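For the sequence shown, the tail end lands on 442 under this note's numbering, and the numbers increase by one without skipping.
Virtual Cβ for every residue (Gly too), placed ideally from N, Cα, C.
Nothing here was measured: the structure is a model prediction, and the numbers come from that model.
Before any comments, here is the structure.
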Amino acid sequence: MDRLHNKAWMLGLLFLGFALSGVDARQPGDLPSFSEGAEHFVLEWPADLPHPARESHTPRPLAAALAARQIGLVEFRRSRVEGQPQLEMEIHFPFEGLRILAVESLSPTNPRLVWREISRGSGRTVFAEWAHQSAELRVLSWGSEGGLREQYKPRAGAVMPHYLFELARTGRATAGTFEVFDPHSGKLEPWTLTTRYERGLNASGELSRRAEFHRADGTLAGSYRFLKGRLQSFHWQAGGACGRRISAREYARLVADWGLTPPE
Numbered sequence: 179m180d181r182l183h184n185k186a187w188m189l190g191l192l193f194l195g196f197a198l199s200g201v202d203a204r205q206p207g208d209l210p211s212f213s214e215g216a217e218h219f220v221l222e223w224p225a226d227l228p229h230p231a232r233e234s235h236t237p238r239p240l241a242a243a244l245a246a247r248q249i250g251l252v253e254f255r256r257s258r259v260e261g262q263p264q265l266e267m268e269i270h271f272p273f274e275g276l277r278i279l280a281v282e283s284l285s286p287t288n289p290r291l292v293w294r295e296i297s298r299g300s301g302r303t304v305f306a307e308w309a310h311q312s313a314e315l316r317v318l319s320w321g322s323e324g325g326l327r328e329q330y331k332p333r334a335g336a337v338m339p340h341y342l343f344e345l346a347r348t349g350r351a352t353a354g355t356f357e358v359f360d361p362h363s364g365k366l367e368p369w370t371l372t373t374r375y376e377r378g379l380n381a382s383g384e385l386s387r388r389a390e391f392h393r394a395d396g397t398l399a400g401s402y403r404f405l406k407g408r409l410q411s412f413h414w415q416a417g418g419a420c421g422r423r424i425s426a427r428e429y430a431r432l433v434a435d436w437g438l439t440p441p442e
């Protein structure tokens, strides 16, 4: 399970590490340029590396995915519930039988995150809530190995990950270091964000924006490319899997072809 959790969390890092400039991320209000909708990605393994799944152990519905060097699917959803923004992420790693669901509710005073890892024979849930009045991050996690309740009172504050992703997507977060919540470890960790602009990676020739994240030890956690506020592609760790943007129709086809559970 550690290997599955680590792989899933590396993808989850695309939500993390955004430092803020002039924004109080602990008090999420109405997001600028917030629009409801969904974005879809297929995860592809580098051509120069062996596919992590073995052909002899691959179920028949996944044979085409193995041949195409595909290892998973990701969907990001944005909506409003009772007038407040809600951000969702769903990840499928079909070869491992692992599914991740994350929902973040952006209350102005008590934003909360629910993170669920569902795999064959086991699972794990993490609930995190920022308490505005007490300036505490309250975390509750439970799974096959029991439960854990913790509270953090960071001096510099803390921030929920999906909200930071939206701030970075809209260009309100571009550089710096901030304490972010890691659902895998259930703890706060410092991450550093740098941003650069690139030309020539799209047909229109427009500048795209690349955000890169580094851990405290300097290792690369992920690199993500935006164009006009839309995530186009991403990868995590040096030489890791790459997320490529696909249409909703192609995503639905792959969900059906791979025998996956459709979004709830």
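Residue i to residue j span [Cα, whole Å]
i       : j       : result
Gly-275 : Arg-298 : 6 Å
Arg-342 : Val-292 : Reading off the sequence, residue 342 comes out as Leu, not Arg. Computed Cα separation, rounded: 16 Å.
Arg-238 : Leu-221 : 19 Å
Arg-247 : Ala-241 : 10 Å
Ala-243 : Val-433 : 11 Å
Ala-306 : Arg-431 : 34 Å
Trp-308 : Phe-404 : 28 Å
Cys-420 : Tyr-402 : 10 Å
Ala-216 : Gly-400 : 21 Å
Gln-410 : Val-317 : 32 Å
Leu-371 : Arg-388 : 10 Å
Arg-377 : Ala-225 : 25 Å
Tyr-375 : Glu-384 : 10 Å
Thr-236 : Gly-437 : 13 Å
Ser-199 : Ser-386 : Note that Ser-199 scores 32 on pLDDT, short of 50, meaning its location in the model is unreliable and no value can be drawn from it.
Which listed residue (the options) has its alpha carbon closest to that of residue i
i       : options                      : result
Ala-313 : Thr-303, Pro-289 and Gly-324 : Pro-289
Asp-435 : Leu-265, Pro-272 and Pro-263 : Pro-272
Gly-417 : Arg-387, Pro-228 and Glu-217 : Pro-228
Gln-262 : Glu-253, Ala-245 and Leu-284 : Leu-284
Thr-348 : Trp-369, Gly-407 and Glu-384 : Gly-407
Phe-391 : Glu-253, Phe-412 and Thr-236 : Phe-412
Ser-213 : Trp-223, Leu-385 and Leu-265 : Leu-265
Ser-319 : Gly-354, Thr-303 and Pro-230 : Thr-303
Arg-423 : Glu-253, Gly-437 and Ala-334 : Glu-253
Ala-353 : Pro-286, Thr-373 and His-362 : Thr-373
Trp-369 : Ala-245, Ser-386 and Thr-355 : Thr-355
Trp-223 : Trp-414, Gly-437 and Leu-438 : Trp-414
Sequence-distant residues of its chain with Cβ nearer than 8 Å to residue i (five each side left out)
i       : result
Val-201 : A caution first: Val-201 carries a pLDDT of 38, below 50, which makes its placement in the model unreliable, though a value can still be read off. Result list for Val-201: Leu-345, Arg-350 and Ala-351, in chain order.
Ser-425 : His-218
Leu-366 : Leu-315, Tyr-330, Pro-332, Ala-336, Glu-357, Val-358, Phe-359 and Asp-360
Ala-231 : Leu-240, Leu-244, Ile-249 and Phe-273
Same chain, Cβ closer than 6 Å to residue i, neighbours up to 5 away in sequence not counted
i       : result
Tyr-429 : His-218
Ser-300 : Ser-322
Ala-280 : Met-267 and Trp-293
Met-338 : Glu-282, Pro-289 and Leu-291
Gly-250 : Leu-221, His-270 and Phe-271
Sequence-distant residues of the same chain with beta carbon closer than 7 Å to residue i, five excluded per side
i       : result
Ala-334 : Glu-357
Arg-427 : none
_Using 8 Å as the cut-off, can you tell me whether the segment 319–334 makes contact with the segment 247–264, which would need three or more C-beta pairs spanning the two stretches below that distance?_
no
*For the segment 328–340 and the segment 394–401, state whether three or more C-beta atom pairs, one from each stretch, are separated by less than 8 Å.*
no
*Which runs of the beta strand (DSSP E) fall wholly inside the segment 218–253 and span at least 3 residues, in chain order?*
none
_beta strand (DSSP E) runs contained entirely in the segment 257–310, provided each spans 3 or more residues_ = 262–271, 276–283, 290–297 and 300–309
*Minimum length 3: unbroken beta strand (DSSP E) runs contained in the segment 336–415*: 354–360, 365–376, 386–392, 398–405 and 408–413
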